[in-house]
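So the sequence shown is numbered by my numbering: it starts at 125 and just counts up by one.
Where is the CB? At the ideal position from N, CA and C, for every residue including glycine.
Quick notes on the structure that follows.
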Amino acid sequence: MQTVNLILLTLHNLTRWLVLIFALLVLIRAFSGWFGKKTYQDQDRRFLMMYTSVFDLQVLFGIILFFTKGWGGVMINGGSEVMSNSALRFFAVEHWVLMLLAVIVAHIGSSQAKKVGESLKKYRRTAIWISLSIILVLAAIPWPGMAAGRPLLRLFGIDF
C-alpha cells in the first residue's frame, strides 16, 4: 500500500501543476477574449475542457489518497484534536473541501459558458467562474511555509 500511495501522491502532485497551467491558459484566453472582444474559438473550449478534465483527475487522486492515507479515519476518530491542530485540520477538512468546491465551480463555469451563444458572454462567464475556481485552488494548496506545507514538487518520495 505504501508504494501505491507514493505513486498516487506523485500523480496528485504532478496533476496539480497541470491544473494550474491549464487554468492559466484558460484565464489568459478568457480575459483577452473578453476585453479584446474576440470571437470564441474551438481552442478556447478545448482548453476549458482540459482544465476541468485534468482537475477531475486531480480530485480523483485526492479522494483515493484521502482514504488510503487515513485522513477520513483521523477526522471521524479524533475530530476535536484535528480541529485544534491547523496542520491536521488543513488536510482532514480544509484542503479537500476547498478543492471540491473549486472543481464544482469550474464545472459550473464550463456549463455556463456553453449555454450562451455570444462570444463576449462566453469569455466573460469563463473568466469569472474560472477565476473563482482558481482562487479556491490557490487557497487549498499546501504551500511551503504553511503549518501543513508541502514541497512544490514531490516525485516518488523525493522532495524538490
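Taking one beta carbon from each stretch, the region 201–216 and the region 150–166 have fewer than 3 pairs nearer than 8 Å; the two do not touch.
DSSP places R169 within a helical segment (H, G or I) once states are collapsed to three. The beta carbons of L144 and I254 sit no closer together than 8 Å. By the CB criterion at 8 Å, R278 and T163 fall outside the cutoff. With a beta-carbon spacing of about 7 Å, N129 and L189 fall inside the 8 Å limit used to define contacts. Residues of the same chain with a CB within less than 7 Å of the CB of V229, apart from the 5 flanking positions on each side, are W253, L256, S257, L260 in chain order.
Proximity to A237 across R140, L138, T176 peaks at T176, based on C-alpha coordinates.
For the region 130–180, there is no continuous alpha helix (DSSP H) assignment of 4+ residues that stays within its boundaries.
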